[in-house]
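Chains as they are written, first to last, in this note's numbering: chain A, 8 to 121; chain B, 65 to 176.
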């Protein structure tokens, strides 16, 4: 079956530091890949996505590239801010379509200190 | 904002009692989902629906049932709540025209 593995936190960084959160996946076919962000007390929001190999998703300074050869979708940001403190989830949607739901990683709690 | 509301937002109940959580959407999305979120597990799919009266089981469906009598409403029922069902429950929808699932604000359920 499908699975997503991501580094578990908490990850603590200073403001303006470089961020990498690793995500690897196991899936058959050609899944779509996502990063969702959850701020305290809220639901999940889509941060970025990539639907085919070598696609780069980007939003709000965050980037991730769909690497089929390494089955990875690592999240990066060049300079983090305190407001980026949240829980980040990597997820995949099977290549058969999204009707049967998303498979999530366990989430990475990111803490940015001023 | 996909117009998803969940009710109640918080609930405390006793072991053995039935509980129903409601998800309401205003986007006319065909697909709806229930997930539970637990520390160390991320989000796991409980049940999903691909249309009115069409539902299927997800990864962790034991102890849960669902119903969808209208496009806009998706109900999750715990027939006899157990402490292991203490969790945060999220509803999500997907319209089928994009790759994005939209999530509701969540319901925090505590079973004592």
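Backbone N, C-alpha and C define an ideal beta-carbon position, used for all residues, glycine too. Here the structure is a predicted model, which is why all the values come from computation and not from measurement.
Checklist entry - Does the region 105-121 of chain A come close enough to the region 128-136 of chain B that 3 or more CB-CB pairs lie under 8 Å? => result no
Checklist entry - What does residue 153 of chain B reach in chain C if we use C-beta pairs closer than 8 Å? => result Chain labels in this structure do not include chain C; the protein chains are A and B.
Checklist entry - Closer than 8 Å, CB to CB, is residue 105 of chain B near chain A or not? => result yes
Checklist entry - Closest Cβ-Cβ distance between residue 112 of chain A and chain B: below 8 Å? => result yes
Next on the checklist: By the 8 Å beta-carbon criterion, what residues does the region 51-84 of chain A contribute toward chain B?
Outcome noted: 51, 52, 53, 56, 58
Next on the checklist: By alpha-carbon positions, which one of A:78, A:64, A:47 ends up nearest to residue 37 of chain A?
Outcome noted: A:78
Checklist entry - Between the Cα of residue 33 of chain A and the Cα atoms of A:116, A:110, A:114, which residue gives the shortest distance? => result A:110
Item to check | Proximity test, Cβ basis, 8 Å: residue 85 of chain B and chain A | outcome: no
Checklist entry - For residue 26 of chain A and chain B, any beta-carbon pair shorter than 8 Å? => result no
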